[in-house]
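Let me begin by presenting the structure, written as structure tokens, before commenting on it.
In the UniProt record's numbering, the protein residues as written are 1 to 325.
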């Protein structure tokens, strides 16, 4: 019997790298940094390891003094954390949840020159977010490929937005017709767009055709289905090369049966606006409220599915997803 006991050091670098990717950056450095020259070189090969660090109140106090921050690739920060963003200069992916204004002020192109993916979630208004909008949509972050800006109101625009040709993916909450026009103009190479439709400003007009947008997800919360469909048609008019469309619609009204009795589930709009569409997903979210459950019973659901299949017998794949939330 072979009595030799294998050790961690016996593993090849390729396998060690795969193992290290599952470590939090702080834990990895504490466990292996300065263990030996081989491990030092391996864990400090930043671009190869793509280290991850999730900052919360339990680990923020010691963060600014530790060497590992330079090697962090993905940084996620919990709400209301005060820290020095400049110590994470090599970050490629950044997620901020309700950041403090003083932290958001640090988010500058010279501080994070390699930033590729940015997500900011916030529930209150602050001037620093206005400045961030200007940086994002005026090509200040030259390597930025995807951006998520989630807030409880429409994005605040300022007149001197220019263009950000590097952005391919953009996700946000409320978008009205005016903001829709600005985003399409500011992101000429946008490929994927997700937003919650805010229909207060009506149908968009005078927008140059955006030929690069291929995938769109639209969420709707209004009660007037037919008015919303007019808005949707106006939005889709300017993205004729769209290949995948996903709609999320919710039932919060006792009159929903009146809306869907003769509803064509956007089939007419798709046939007119989207000649290149390949996939269409309609997510119909029903309420769990006892007062509304009876409005759409199982027999009605069977009829809805049948109607949907009948109107979407086209050259694209169509799927209706019904759930209760």
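Virtual Cβ for every residue (Gly too), placed ideally from N, Cα, C. Given the structure is predicted, the values throughout are model-derived calculations rather than measurements.
Using a Cβ-Cβ cut-off of 6 angstroms (strictly less than) and excluding sequence neighbours within five positions of residue 76, which residues of its own chain qualify? Contacts found: 54, 95.
Beta-carbon contacts of residue 241 that lie in its chain and below 6 angstroms, excluding the five residues immediately before and after: Correct list, in chain order: 211, 276.
How would you write the range of the beta strand (DSSP E) that residue 280 sits in, first residue to last? Taken as a continuous stretch (DSSP letters only), the beta strand (DSSP E) holding residue 280 covers 279-286.
Between residue 197 and residue 231, is the Cβ-Cβ spacing less than 9 angstroms? Contact: yes.
Unbroken alpha helix (DSSP H) run spanning residue 41, endpoints: Unbroken alpha helix (DSSP H) run through residue 41: 37-43.
DSSP state of residue 256, grouped into three classes? Correct three-state label for residue 256: helix.
Sequence-distant residues of its chain with Cβ nearer than 8 angstroms to residue 144 (five each side left out): Taken in chain order, the residues that qualify are 115, 116, 117, 118, 136, 164, 166, 167.
Are the CB atoms of residue 86 and residue 120 nearer to each other than 9 angstroms? Contact: no.
Nearest-angstrom Cα distance between residue 246 and residue 37? When rounded, the distance between both Cα atoms is 51 angstroms.
Quick one, which of 258, 239, 150, 22 has its alpha-carbon nearest residue 269's? The shortest Cα separation from residue 269 among 258, 239, 150, 22 belongs to 239.
Of all the options 56, 32, 227, 30, which has the alpha carbon lying nearest to the alpha carbon of residue 259? Answer by Cα proximity: 227.
Would you kindly check if the distance between the Cβ of residue 207 and the Cβ of residue 184 is under 9 angstroms? In this structure, residue 184 sits near residue 207, with a CB-CB distance shorter than 9 angstroms.
Between residue 39 and residue 32, which are expected to be in contact by the criterion C-beta below 8 angstroms, what is the C-beta distance as a whole number of angstroms? Confirmed, about 5 angstroms.
Are the beta-carbon atoms belonging to residue 142 and residue 107 less than 9 angstroms from one another? In this structure, residue 107 does not lie closer than 9 angstroms to residue 142 by Cβ.
Can you tell me the Cα-Cα spacing of residue 161 and residue 42, whole angstroms? Cα-Cα distance, rounded: 42 angstroms.
Any heavy atom of the ligand ADP closer than 8 angstroms to the CB of residue 243? In terms of ligand content, the structure shown is empty, and the ligand ADP therefore cannot be addressed.
If you draw a straight line from the alpha carbon of residue 48 to that of residue 10, how long is it in whole angstroms? The predicted position of residue 48 is uncertain, since its pLDDT is 48 and thus under 50; no value can be drawn from it.
Just curious, the alpha helix (DSSP H) that residue 273 is in, first and last residue? Note, residue 273: alpha helix (DSSP H), 267-273.
Mind checking residue 251: buried by the 16 CB within 10 Å criterion, or exposed? For residue 251, the number of other beta carbons within 10 angstroms of its own is at least 16, and it is reported as buried.
For residue 234, count the other beta carbons within 10 Å of its own beta carbon; 16 or more makes it buried, fewer makes it exposed. Which is it? Answer is buried; the Cβ neighbour count reaches 16.
Please give the ranges of any beta strand (DSSP E) in the stretch 64-144, keeping only runs that are unbroken, at least 3 residues long and fully inside the region. As far as the stretch 64-144 is concerned, its whole beta strand (DSSP E) runs of at least 3 residues are 72-77, 93-97, 117-121.
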